[in-house]
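Please read the structure below before turning to the comments.
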Ligand code: PEP
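In the numbering used here, the protein residues as written are 2 to 258.
See below:
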């Protein structure tokens, strides 16, 4: 039996894709049909899909359901928003929070990210907190500073008990997303260690051990294994490659071997 500490998380982020429920079913069903090949207590496979499709899929299948966002209030006059209760009720287990595309296009701030993490935890789901620097910040040597700020502010007033066994952190250098370029495995390992250091300043050793750190940005079936094996991280957040069933299954299978 794999210990939680050793579990690998393979999380797909479909973003605003595919264009229809039919297409979503085709991709998801193909993944689920291959699920027997992915079955392992070592792996947790998750697909974070658009809200609209979530209730059409089996939340008890081999692949867990995730959302890409939520709102921090539980109900009321918040046009266009979705609450944690709504997501939990359709079987969502994981919620991506603070993705760089939401920070960039929707003006999501660290304060909003903090409120969303609290709402996600209150709703009984696991937040996947995204952090990462832009290319300019990296060139200016500010990557570490950015990640420290994003983490400290996102976790403000959140207790050890709140996040134990729940929080996941995804390091997603913004310049690596959708670009076909990834940082070196040494760079990723360095950021992983930095994240652990920040977490250990804020919380106990148990929290450091119980918080999986994932890498995201241009992951494919070709580079996925090294991005985990050579960095000491605990999984991957995958955009483009998660929209192709065969590619996503191929990535998961690399870790089942
Ligand atoms: C993402 O947007 O979370 C991501 C990692 O995208 P991609 O894999 O396409 O780079």
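Cβ atoms here follow ideal geometry from the backbone N, Cα and C, with glycine treated the same way.
| Item | Value |
| --- | --- |
| Given that a residue counts as buried once 16 or more other Cβ atoms are within 10 Å of its Cβ, and exposed if not, what is residue 102? | buried |
| Using a 10 Å radius around the Cβ and a threshold of 16 neighbouring Cβ atoms, would you call residue 127 buried or exposed? | buried |
| Just reading off the alpha helix (DSSP H) that residue 93 is part of, what are its end residues? | Element bounds for residue 93: n/a, residue is neither H nor E. |
| How many Å lie between residue 73 and residue 82 at the Cα? | 9 Å |
| Looking only at C-alpha atoms, which of 225, 121, 43, 234 sits nearest to residue 272? | Within the shown structure, residues of the chain are numbered from 2 to 258, placing residue 272 beyond reach of any answer. |
| Going by the C-beta, is residue 250 closer than 7 Å to any heavy atom of the ligand PEP? | no |
| Report the residue ranges of all alpha helix (DSSP H) runs contained in full by the segment 165-236; include only those spanning at least 4 residues, in chain order. | 186-203, 206-211, 225-230 |
| Would you say the beta carbon of residue 1 is closer than 7 Å to some non-hydrogen atom of the ligand PEP? | Nothing can be reported for residue 1: it is not among the residues displayed for the chain, which extend from 2 to 258. |
| Using only CA atoms, which one of 227, 204, 231, 221 lies nearest to residue 245? | 221 |
| So for residue 46, helix, strand or coil by DSSP? | strand |
| Go to residue 119, then tell me how far its alpha helix (DSSP H) extends in each direction, as first and last residue. | 111-123 |
| Can residue 224 be considered in contact with the ligand PEP, in the sense that its beta carbon sits closer than 7 Å to one or more heavy atoms? | no |
| I need the boundaries of the beta strand (DSSP E) containing residue 11, first residue and last residue. | 9-14 |
| Could you tell me the boundaries of the alpha helix (DSSP H) in which residue 105 lies? | 101-106 |
| Given this structure, state the Cα-to-Cα distance separating residue 141 from residue 90, to the nearest angstrom. | 44 Å |
| So who's on the other strand from residue 68, going by DSSP bridges? | 96 |
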